[in-house]
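Worksheet for the structure shown next.
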Amino acid sequence: MGLLDFQCWNFKSTDTLRDQYLKSINNLRKKIVEAAKENKNGTAFPEGTNYYKLNWDCELELKAQEAVDQCKLDATAPAEYSQLIKNVASTCNPTKVLKNSIPDWWNNDVQKTGVDNPPLNKQGLEAFAKLANGKATKIGCAQKNCNEQLYVSCVVNEPAPATGAAIYEVGTACTANDQCTTYLDSKCKNKRDDWEQYRSQLAQGFVKMRNGNARQASKMRRMTYDCPAEASAHSSAAQCRNAAASSANYDENFYAINSNTIEHNTAAREAANTWGLEISTRTMPQGDTERNMYSSSLGIPNFANMVWETHSGVGCAIVRCSTRTNIVCHYSPKSMGDNRQIYKMGPTCRRCHDYPGTRCVDGLCTP
Numbered sequence: 002m003g004l005l006d007f008q009c010w011n012f013k014s015t016d017t018l019r020d021q022y023l024k025s026i027n028n029l030r031k032k033i034v035e036a037a038k039e040n041k042n043g044t045a046f047p048e049g050t051n052y053y054k055l056n057w058d059c060e061l062e063l064k065a066q067e068a069v070d071q072c073k074l075d076a077t078a079p080a081e082y083s084q085l086i087k088n089v090a091s092t093c094n095p096t097k098v099l100k101n102s103i104p105d106w107w108n109n110d111v112q113k114t115g116v117d118n119p120p121l122n123k124q125g126l127e128a129f130a131k132l133a134n135g136k137a138t139k140i141g142c143a144q145k146n147c148n149e150q151l152y153v154s155c156v157v158n159e160p161a162p163a164t165g166a167a168i169y170e171v172g173t174a175c176t177a178n179d180q181c182t183t184y185l186d187s188k189c190k191n192k193r194d195d196w197e198q199y200r201s202q203l204a205q206g207f208v209k210m211r212n213g214n215a216r217q218a219s220k221m222r223r224m225t226y227d228c229p230a231e232a233s234a235h236s237s238a239a240q241c242r243n244a245a246a247s248s249a250n251y252d253e254n255f256y257a258i259n260s261n262t263i264e265h266n267t268a269a270r271e272a273a274n275t276w277g278l279e280i281s282t283r284t285m286p287q288g289d290t291e292r293n294m295y296s297s298s299l300g301i302p303n304f305a306n307m308v309w310e311t312h313s314g315v316g317c318a319i320v321r322c323s324t325r326t327n328i329v330c331h332y333s334p335k336s337m338g339d340n341r342q343i344y345k346m347g348p349t350c351r352r353c354h355d356y357p358g359t360r361c362v363d364g365l366c367t368p
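Sequential numbering from 2 applies to the sequence shown in my numbering.
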């Protein structure tokens, strides 16, 4: 999908920097669930389970900005959060500095002190414990040039584990949603988040069709994860068909991979990307006299399901068959069909009032 539109209101930073912070930190956290051999002396990290990918938080970014604006290393950390702060040699291009300075927080602790099994917090792991915290789900970072020194700070939405407490839970990395138990409704490599990103990008007019960008959506709903839909999707995928099926209660996306050993997260990403890219070589009828009506002749059945305006829930399943892997997603309520409107065009969120109790978040009408 490329660079995300973070929609943060701190004009002292840029989406390019936010993207670099977030990718850098999540790439470090990924080493935990992969048990990468990058611990002290080349040993492996204790493998993490029930472990979360961090999301960007604009309010945490503002707290980090308040810290670096003081141009000192002992800025008080905000209550109920953990904060990292450092200064490095300044440059007119902070992107180059951040490329190394963010991993340094993690790597310096790991290489000098090492992470034990179980991974308990101890002296020398102060920065690592904040970034690797298994309960953390959000982060925000900021920077400021202070007299030829670049001050960098990140604020995490959970306090650092106490000395002697576990930094994260040890076990096999998740392969199913019910293994993510720290937070209600969390998913393994949250499939719903992938869909929200597509819907958010389309609602704001960033999705490219063959003949230009798709028009904005005025009342695109934020979907919730639908467990009955997941059960239905699993039942469909387990039949090991080679094409989408008709469901009485759900609209269906189907994708098959010619391997029954592919890792589930990889399969999910491949399916989502393939469905989302259907529109890149095709188009929707969005001319001045057209109403964005769906037709099977458009050749975008999976993409249309992903962005169908009235879909409010999604549930997905992955099943290994004899020679392939089937990925199926079911959407509720069932509403897709020829001569029906894919979504109502217009300024982003203009018609969210049609869904009482919602507000506009990331271009989506959100409860």
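Beta carbons are placed, not taken as given, at the ideal position from N, Cα and C, and that holds for glycine.
Because the structure is a prediction, the values reported are computed rather than measured.
Look at the alpha carbon of residue i and the alpha carbon of residue j, and state the distance between them as a whole number of angstroms.
i	j	result
T173	E35	9 Å
T1	L299	Residue coverage of the chain in this structure runs from 2 to 368, which leaves residue 1 outside it and unanswerable.
A130	T282	46 Å
R321	V157	38 Å
G364	G314	17 Å
G288	L203	16 Å
S233	T326	17 Å
P160	S83	5 Å
P162	E197	31 Å
T367	Q205	14 Å
D16	N101	18 Å
T50	I168	12 Å
K31	E39	12 Å
Could you have a look at residue i and say whether DSSP puts it in helix, strand or coil?
i	result
K139	strand
L151	strand
E1	Nothing about residue 1 can be reported from this structure: the residues present for the chain run from 2 to 368 only.
G43	helix
N108	helix
A230	helix
R211	coil
A167	strand
Q240	coil
Specify, as a first and last residue, the run of the beta strand (DSSP E) that residue i falls within.
i	result
R321	G314 to R321
E253	D252 to I258
Y332	T326 to S333
N83	Note that residue 83 is Ser in the sequence shown, not Asn. S83 -> beta strand (DSSP E) spans S83 to A90.
Could you work out which residue in the options is closest to residue i when comparing CA atoms only?
i	options	result
L132	N27, N42, A234 and I343	N27
R341	K123, R292 and P160	R292
N118	V171, S237 and R242	V171
W309	L55, Q217 and S247	Q217
S297	H312, L278 and M337	M337
L151	A230, A272, P95 and C142	P95
N380	N109, C72 and L99	Shown here, the chain extends from 2 to 368; a query on residue 380 therefore has no answer.
T324	A239, Y344, L85 and L278	A239
R211	W107, N40, P286 and K54	P286
On the premise that residue j lies in contact with residue i, defined as a C-beta separation below 8 Å, what is that separation, rounded to the nearest angstrom?
i	j	result
G316	Y226	7 Å
A143	S154	6 Å
Is the beta carbon of residue i within less than 7 Å of some heavy atom of the ligand SAM?
i	result
S14	With respect to the ligand SAM, the structure offers nothing, as it holds no ligand at all.
What first and last residue would you give for the alpha helix (DSSP H) that runs through residue i?
i	result
T173	No alpha helix (DSSP H) holds T173; DSSP gives it neither H nor E.
L18	D16 to V34
L132	E127 to L132
R360	Where R360 is concerned, there is no enclosing alpha helix (DSSP H), although the beta strand (DSSP E) it sits in stretches over R360 to V362.
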